[in-house]
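One structure below.
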Amino acid sequence: MTALRVVAGLAIVFVASYAAAQSGADRRRSGYQDMGEALQKMQDDDTANPGMLFVQLGSQAWSKPAGAADKSCADCHGAAASMKGAAVRYPAIPKGADVPMDLEGRINLCRTENQKAERLPPESRELLALEAYVAHQSRGMPVAPPVDPRLGAFRDQGAEIYRRRQGQLNLSCAICHDDNAGKKLAGVTIPEAHPTGYPIYRLEWQGLGSLKRRLRNCLVGIRAEAYAYDAPEYVMLELFLMDRARGMTFEAPGVRP
Amino acid sequence: MANVLVNAPKTAKRGAVVEIKALILHPMETGFRSGTNGQFIPRNIVERFTATWNDAEIFSMDMSPAISANPFVSFFAVAAESGTIRLRWTGDQDFAVEEQVAIAVE
Amino acid sequence: MDRRRFLAGTAAIAVLPFDRASATPEAMAEAIKKVVGDSAVTEGRVRLDMPPLIENGNTVPVLVSVESPMTVADHVKAIHVFNEKNPQPNVFSARLSARNGKASVGTRIKLGDSQKIVAIAETSDGRFWSASADVIVTLAACLEEST
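Protein chains in written order, with this note's numbering: chain A, 61 to 317; chain B, 98 to 203; chain C, 373 to 519.
This is the structure we're talking about:
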């Protein structure tokens, strides 16, 4: 009897502190929370979330040997569960390198260095599928950028780009995503720009796409010239955005309008 | 390799009504759009989806270009006997994909 | 921020799922007539679930359910969905039987614009039932570079 009451008491304390964390300290909202119920359900149900088709493609590519080394990802990494936690940590600086790389860059590094194969082109189905498969292993984990002092300068540059006005409309990311987040723009809710669901299945694309592609859409939206696909600016922005989303729940593959 | 996700229970009580959900990778190109070169992109859709339970047809759907890319279908079926649920998608450009799942009915 | 200018700019690069031809309320009525012939269509027994406000017309969830015992003697034989403004009025036609146990069909559809959607069910006694929904499609704000 007493034991039961103690357990019940503990449960209440837990619920209360969880609620406090949700409403008080942390008011950050994932783009998921800005979507209607129908789209949230689409993301949550693995047979309704079209991103899961790409996760499945990725699981096939994972064990397919490639390149002059004729090795598959699985040959070195074993089951994909070994990738748990990778996606919530990137961008990061790989061993032996001195600049940060995003997850797709890291995958391509394994293509060239370890498989002795060609880089997979940006936004190609195979690259997105592999990225989705690796990212999916971290679903539900908190975003956790690495503690690496070398990243600081790159992240600061990302923050600078985020606040810099650009494009013919002379807008910064911050004007929309900090000052006007939650407000409507042409009927669309402006999200807080958290990179927690990437790669995402965007209904507008009718397909899977990377964070880069999403950022390019925003740049085009403000009539700015999008950086080249291999430009370091995307990695800098992502470093800043991931740090800003630290602790938020990783959702890949997300669904977005 | 076919890219299909099927969600159906592996076991069911005899007479229970079970939900079957399926998703397939397919562009569902409407034939009403023009590409980057101004040319119309030829229609490429799944025209028909059928489901059989131990070879007896239990459900079918004729689709139009208005069905979204990567078509999703959900429907119900009475779990009458153990066996195989076979799902089949056919369409333009000789598209034909079949996927099957087993269900044990007790 | 200069909202009007931003909106004008983004509207120009909006890419709708269809850019040729268009169904009309008349074309929809005609398509429905092809299915029901001269039979009366009674409003009721059909439930058409769609989000009233849609963030993107490319993938709109639709669930059609019909009140029916789904027995051999009394069941839903078919469910048809039509729309007014896409290039073609027919969206899908599903065939059902007592084997389904529950008359409920879900899928996802493209809607080029805000419009009325009609679902019609045919029951085994040869009668037709219907439901309709008005949906509003908002446009995505930041799209792709226009190629």
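By construction, the Cβ of each residue, glycine as well, lies at the ideal position given by its N, Cα and C atoms.
All values reported here derive from a predicted model rather than from experimental measurement.
Within chain A, the residues 105, 106, 107, 108 have their CB atoms less than 9 Å from the CB of residue 104 of chain B, given in chain order.
Annotation for residue 260 of chain A: the continuous beta strand (DSSP E) segment containing it runs 260 to 262. Per the coordinates, the alpha-carbon of residue 151 of chain B lies some 17 Å from the alpha-carbon of residue 103 of chain B. Between residue 155 of chain B and residue 472 of chain C, the C-beta spacing is below 8 Å. Burial check for residue 458 of chain C: the Cβ neighbour count within 10 Å reaches 16 or more, so the residue is buried. If you look at residue 160 of chain B, you'll find it in the beta strand (DSSP E) that goes 153 to 160. Burial check for residue 425 of chain C: the Cβ neighbour count within 10 Å stays below 16, so the residue is exposed.
Its Cα nearest to that of residue 177 of chain A, the residue A:124 stands out among A:263, A:305, A:112, A:124. Listed by position along chain C, the residues whose Cβ is nearer than 7 Å to that of residue 159 of chain B are 464, 465. Under the 10 Å beta carbon count, residue 93 of chain A is surrounded by fewer than 16 other beta carbons and is classified as exposed.
Judged by beta-carbon spacing, residue 404 of chain C lies within the 8 Å limit of residue 492 of chain C, meaning their Cβ atoms are closer than that value. It is roughly 14 Å from the alpha-carbon of residue 420 of chain C to the alpha-carbon of residue 465 of chain C. The stretch 108 to 115 of chain B and the stretch 232 to 239 of chain A do not touch, with fewer than three beta-carbon pairs separated by less than 8 Å. Interface with chain A (8 Å Cβ-Cβ cutoff): residue 433 of chain C is included.
Distance from residue 448 of chain C to residue 454 of chain C at the Cβ level is roughly 17 Å; contact not present, criterion being Cβ atoms closer than 8 Å. Apart from the 5 residues on each side of it in sequence, residue 415 of chain C sits with its Cβ closer than 6 Å to the Cβ of 502 in its chain, given in chain order. Contact check for residue 434 of chain C against residue 451 of chain C fails: the beta carbons are separated by 8 Å or more.
When C-beta atoms of the stretch 124 to 133 of chain A are compared with those of the stretch 166 to 182 of chain A, three or more pairs fall below 8 Å, so the two segments count as touching. Judged by their CB atoms, residue 151 of chain A and residue 135 of chain A are not nearer to each other than the 8 Å cut-off. In chain order, 103, 105, 182 place their CB closer than 7 Å to the CB of residue 198 of chain B, counting only its own chain and leaving out the 5 sequence neighbours on each side. Taking a 10 Å sphere around the C-beta of residue 289 of chain A, we find fewer than 16 other C-beta atoms and assign the residue as exposed. In this structure, residue 188 of chain A lies near residue 268 of chain A, with their beta-carbon atoms less than 8 Å apart. For residue 186 of chain B, the enclosing beta strand (DSSP E) covers residues 180 to 188.
Comparing C-alpha distances from residue 201 of chain B to each of B:122, B:180, B:190 shows the shortest one belongs to B:180. Cβ neighbours of residue 106 of chain A within its own chain (closer than 7 Å, five residues either side excluded): 112. Rounded to the nearest angstrom, the gap between the Cα atoms of residue 115 of chain B and residue 461 of chain C is 31 Å. In this chain, the beta strand (DSSP E) harbouring residue 502 of chain C covers 500 to 509. Bounds of the alpha helix (DSSP H) holding residue 398 of chain C are 397 to 408. Rounded to the nearest angstrom, the gap between the Cα atoms of residue 249 of chain A and residue 241 of chain A is 7 Å.
Here residue 223 of chain A is exposed: its Cβ has fewer than 16 other Cβ atoms, across all protein chains shown, within 10 Å. Taking 8 Å as the cut-off, the Cβ atoms of residue 311 of chain A and residue 90 of chain A count as close. Non-local C-beta neighbours of residue 131 of chain B in its own chain, meaning closer than 6 Å and more than five positions away in sequence, comprise 137, ordered along the chain.
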